[in-house]
Amino acid sequence: MEKDSYYYYQIGIQYLERGEIEQAIINLEKSISLKNHFKTYQILHECYMKVGKDEQSYHYIYLAYCENPRNDKVAFLYAKALFQKKDIVASKKIVNEILERNTSYLP
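Under my numbering, the letters of the sequence shown match residues 85 to 191, in that order.
Okay, structure coming up:
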């Protein structure tokens, strides 16, 4: 049986839930090597944040946003990353876009 992108995504999530971040990263990166998906990029962003690798983390949230800019959580995480990089104008623009389409978005 051939293992697909979703298989490695699921394995990566299982490692993440057990706190085995490095193994999660390995499997999630294998997943995106087979098929790009914004959710996998988002989870990789969160994994790299947990291990203090800010540049990799930023790279993956940027890719997640490029894949699906209308996902509110991804857009918010990208806006937050931009804010941390002191790009206040771009961050504010994205937050305003989120609020225009979802006025009750809590974060």
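Beta carbons: idealized from backbone N, C-alpha and C, even for Gly. Keep in mind that this is a model prediction, so the values were computed, not measured.
8 Å CB neighbourhood of residue i in its chain, flanking five on each side removed
i	result
Ile-95	Asn-111
Same chain, Cβ closer than 7 Å to residue i, five either side skipped, listed in chain order
i	result
Lys-134	Ile-105
Pro-191	Phe-160
Tyr-99	Gln-107, Ala-108 and Asn-111
Ala-163	Ser-175, Ile-178 and Val-179
C-beta contact flag for residue i and residue j at 8 Å
i	j	result
Asn-186	Asp-138	no
Leu-118	Ser-89	yes
His-129	Ile-145	yes
Sequence-distant residues of its chain with Cβ nearer than 6 Å to residue i (five each side left out)
i	result
Glu-181	none
Ala-148	Phe-122, Tyr-125, Gln-126 and Val-158
Cys-131	Ile-105, Ala-108 and Ile-109
Glu-151	Phe-122
Terminal residues of the alpha helix (DSSP H) in which residue i lies
i	result
Val-158	156-168
Asn-111	105-118
Tyr-189	First-last for Tyr-189: undefined, no H or E at that position.
Glu-101	89-101
Any alpha helix (DSSP H) of 4 or more consecutive residues that is wholly inside the stretch 127-157 = Counting whole runs of 4 or more residues, the stretch 127-157 contains the alpha helix (DSSP H) stretches 138-151.
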